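Undergrad:
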Amino acid sequence: MTATWKSWPNLFHICLLLCATGAVSQNFLLEPRSTTVLQGSKVQFSATVEGKWNVMTWTVGKLLVLTVLSGGNITSSGQYSARFCPGGDTSCVEFTIHNVTRQQSGEVICFVQGEYGSKIAHLYVQESGTVNIVGGNVTVAQDQQVEFQCLTTGWFPEPTVSWTLSGQDVNSSLYNTTSMTDGDTFNSSSVFKFQAVHNTTVECLATVPTLPNPQSSSVLLVVVPKPTDWTVLIAVVVSFGGFALLVLLILGIIFCYKRRKEKRKAPIISALIQLTLCSKSQISWW
C-alpha cells in the first residue's frame, strides 16, 4: 500500500507522538522488576520519574493501596508505606510492603498520572513451615540398623530437606524424601536409615531460597555396647569338657582293665606260693 502526499502530515504527527511516548516511558523507572521474599519480611520498590509529575499510585494484587502526591506529605496505609528518597528528592519514591504475605504475591503496579503511564514489577513470596523428627531420642545397641523420619509441614515452595550427623552433612543417596501438596503449601516426609556405631546428634534441616538459616529438628542417638556373644566361649567350654570326659573315660577303662587283670592273676600267684611252701616242707621231712 502506498501513501499519498496528503497523508504524510498525519503519519509525521503519529510518529512524533510515538517517539514522544517512548521518550517519556524511558524517563520512568521501577526497580526491582522482580523480587522474591520470605513471608513476614518487608519488600521495597523504588520509582524514579524524570520530569514533573503530580500523582503516583501503587497497586498490589489488583488492589489500590497507596496514593502519593508530589507536593504533599506521604501517608501510610496499613501494611503499606512510601517516602521520598533520601534528601527529599521528589523525583524518587520508595514504596514498602511490611509483613508481606503470600496473598500479596503477583503484580505490583506503579502508575504515574499523565503520559508516564504504568510500570509492573513481580512479587514472589515464599513461606517457611515446621520441621520435626518423629519419636525423639533413641537408644540402640551398637551396629543395629536405625531409622529416623522427618516431617515438614506448611512450606512454599517445596522445601529442600537434608540431614546431618553430629554436624556433618549426610549424602543425599542415604535418605529418601517425598513431598505432597496440602492446599497451597507443601508437606514432606524424609526417611534416613543407617547403622548405629557411636553416640551422635541426628539433625533434619529444611529450607527455601529466601530463608536466611534452615529450620531444623534434632534428636540424640545413644549407642550402647552390644551384649557379649557367649556362643564361642560356650563352644570352647563344651569342646574342652567333652575332651576331658573322653580322657577320663579312657583312663577309667584302662584302670578297670588293670584291676580285673590283677584280680585274675591273684589266685594263680597264691597257688604257686602254696605249692612252693609244700615242696619246701616235703624236702625238710625227708
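FYI, the numbering for the sequence shown is -25 to -1, 1 to 261, going by mature numbering (1 follows the signal peptide of the UniProt record, and there is no 0). Even glycine gets a Cβ: it sits at the ideal position worked out from N, Cα and C. Nothing here was measured: the structure is a model prediction, and the numbers come from that model.
#1: Is there contact here, the stretch 164 to 176 with the stretch 82 to 91, by at least three beta-carbon pairs under 8 Å?
#2: For T128, which of V145, N151 and N162 has the nearest alpha-carbon?
#3: Kindly identify the DSSP beta-bridge partner or partners of E237.
#4: Quick one: is F131 buried, meaning 16 or more other Cβ sit within 10 Å of its Cβ, or exposed?
#5: Nearest by alpha-carbon distance to T23: which of L39, S45, S16 and T10 is it?
#6: Taking the continuous beta strand (DSSP E) assigned at F59, which residues delimit it?
#7: Which residues mark the beginning and the end of the beta strand (DSSP E) in which L13 is found?
#8: Decide yes or no for the touch test of the stretch 7 to 18 against the stretch 176 to 191: beta carbon pairs closer than 8 Å, at least 3 of them.
#9: Counting C-beta neighbours from all protein chains within 10 Å, is the total for G63 16 or more, i.e. buried, or is it exposed?
#10: How far does the beta strand (DSSP E) with K17 in it extend, from its first residue to its last?
#11: Measure the CB-CB distance between E178 and T139 and report whether it falls below 9 Å.
#12: Under a three-way DSSP split, which group does N107 fall into?
#13: Terminal residues of the continuous beta strand (DSSP E) containing T46?
#14: Any idea what DSSP makes of L196, helix, strand or coil?
#15: For P202, which residues of its own chain have a beta-carbon under 8 Å away from its beta-carbon, when the five flanking residues on both sides are left out?
#16: What's the gap between the Cα of L226 and the Cα of K238?
#17: Nearest CA to the CA of G26: which residue from Y91, E133, V197 and C125?
#18: Given this structure, state the Cα-to-Cα distance separating K236 from G216, to the nearest angstrom.
#19: If you check the beta carbons only, do K17 and I72 fall under 9 Å apart?
TA: In short, the structure shows the following:
#1: no
#2: For the purposes of this step, residue 128 is taken as the residue at position 153 of the sequence shown. The shortest Cα separation from T128 among V145, N151 and N162 belongs to N162.
#3: Residue 237 sits at position 262 when you count from the first residue of the sequence shown. E237 is not bridged to any residue.
#4: Walking along the sequence shown from the start, residue 131 turns up at place 156. Classification of F131: buried, given that the 10 Å Cβ count is 16 or more.
#5: By one-based count along the sequence shown, residue 23 stands at place 48. Among L39, S45, S16 and T10, the Cα nearest to that of T23 belongs to S45.
#6: Numbered from 1 along the sequence shown, position 84 holds the residue referred to as residue 59. F59 -> beta strand (DSSP E) spans Y55 to C60.
#7: Along the sequence shown, one-based indexing puts residue 13 at 38. Where L13 is concerned, the enclosing beta strand (DSSP E) stretches over S9 to L13.
#8: yes
#9: To locate residue 63, count along the sequence shown from 1; it is residue 88. By the 10 Å Cβ count, G63 comes out exposed.
#10: For the purposes of this step, residue 17 is taken as residue 42 along the sequence shown, with counting starting at 1. Premise fails: K17 is in no beta strand (DSSP E) and is neither H nor E.
#11: Here residue 178 corresponds to residue number 203 of the sequence shown, with the count starting at 1. Here residue 139 corresponds to residue number 164 of the sequence shown, with the count starting at 1. The answer is yes: Cβ separation under 9 Å.
#12: For the purposes of this step, residue 107 is identified with residue 132 of the sequence shown, where counting begins at 1. In this structure, N107 counts as strand in the three-state DSSP scheme.
#13: What you label residue 46 is simply residue 71 of the sequence shown in a count that begins at 1. Note that residue 46 corresponds to Gly in the displayed sequence, not to Thr. Looking at the DSSP string, G46 is not in any beta strand (DSSP E), and its letter there is neither H nor E.
#14: Along the sequence shown, one-based indexing puts residue 196 at 221. The answer is strand: DSSP assigns L196 an E or B state.
#15: On the sequence shown, position 227 is the one that residue 202 refers to. Closer than 8 Å at Cβ, skipping near neighbours: A116.
#16: By one-based count along the sequence shown, residue 226 stands at place 251. By one-based count along the sequence shown, residue 238 stands at place 263. Straight-line Cα distance between these residues: approximately 18 Å.
#17: Position 51 of the sequence shown, counting from 1, holds the residue named residue 26. Measuring from the Cα of G26, the nearest candidate turns out to be Y91.
#18: In the sequence shown, counting from the first residue as 1, residue 236 sits at position 261. In the sequence shown, counting from the first residue as 1, residue 216 sits at position 241. Distance between the alpha carbons of K236 and G216: 30 Å.
#19: What you label residue 17 is simply residue 42 of the sequence shown in a count that begins at 1. What you label residue 72 is simply residue 97 of the sequence shown in a count that begins at 1. The answer is yes: Cβ separation under 9 Å.
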